[in-house]
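Numbering (the numbering used here), first residue to last: -13 to 331.
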């Protein structure tokens, strides 16, 4: 294996069309559909951005090159319209030594280019000690550990015969029902992560492209369970998010299966679904296993936040301010007179 070029020869460039033929190695090939969409979406949005000050919804891609040789790339995406929260979607490096320094360089550059970003989200495999260490060095802290599941009904299997209770309604995600989904995710999402994501109703619609289903308690006009599309999975399939209201854990089972089948039909009915599940959700883990889903490793969800740094700095600033106030009330001591030397006899 040839040695990796020295950092002095690296250059980082925003993704352009001429990069695509270079990114045909096994490391980058699964991301080709996403890279092509990033270029196609970026062109009209750059024109719109020039006309009005609004952040782009297209993913941002930085490519590291040495000459004409691609060394790695990073794909980042805004998670809300305000641009306060960004996500590192993919960080891929070509085989070779020196991964840690190049990965850190890509992450730092991506963070510097995201103007106005207050928080960042990233994930790393629990087995990738180098990636976890690099993210910690860049200020990321672990929030939770998720298990990744891949589910697809076996060929020929009939759909669930579970009967929907009379008090629950199966509702598609659209602009009229999106507020119900937002309230559900506010209840289901941990407070710390909810603050970092800083999502509004329109952010959920942007990310899911309106593809999702909910079970709504008609008497309370409240969504109690939902599934929504969050992206294409590299290599095939769809990433989806399953949310359950904390007071409705009994919906783990046939009701959740109904939601998964509904969105799989909505997405074409052939590709597998990929779900992330917090390791602490034991009932959901057991149910996914009984459904025939296969485990595909564990990933650490990490976050980097300016808010956290400000919170840590606030006590020290307050202490310094208190000292300044108290100092004003301390008694003033008169300076001691300077002794006058005696004249020689």
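Each residue gets a CB set at the ideal place from its N, CA and C atoms; glycine is no exception. Small disclaimer: the values here were computed from a predicted structure and weren't measured.
Per the C-alpha coordinates, the member of 72, 133, 104, 60 positioned closest to residue 275 is 133. Counting the other Cβ atoms within 10 Å of the Cβ of residue 94 gives fewer than 16, which makes it exposed. Secondary structure at residue 49: strand, using DSSP grouped into helix, strand and coil. Residue 286 carries a strand assignment under DSSP once its states are collapsed to helix, strand and coil. Taken through DSSP and simplified to helix, strand or coil, residue 195 comes out as coil. In the three-state DSSP reduction, residue 54 falls in the coil class, being neither helix nor strand. Taking the Cα of residue 89 as reference, the smallest distance to any Cα among 262, 100, 122, 158 is reached at 122. The continuous alpha helix (DSSP H) containing residue 165 extends over residues 164 to 174. For residue 277, the closest alpha carbon among the candidates 155, 224, 137, 15 is that of 137. Using a Cβ-Cβ distance cut-off of 8 Å, the region 247 to 256 and the region 193 to 202 are in contact, since at least three pairs of beta carbons, one from each stretch, lie closer than that value. The DSSP-derived three-state label of residue 273 is helix. Pairing residue 216 with residue 52, the inter-Cα distance amounts to about 33 Å. Of the candidates 242, 267, 20, 104, the residue whose Cα lies closest to the Cα of residue 154 is 242. In this chain, the beta strand (DSSP E) harbouring residue -2 covers -3 to 0. Cβ neighbours of residue 87 within its own chain (closer than 7 Å, five residues either side excluded): -7. Collapsing the DSSP output to three states places residue 243 in a helix. Nearest in C-alpha terms to residue 219, of all of 238, 244, 203, 259, is 259. Secondary structure of residue 155 (DSSP, three-state): strand. Secondary structure of residue 139 (DSSP, three-state): coil.
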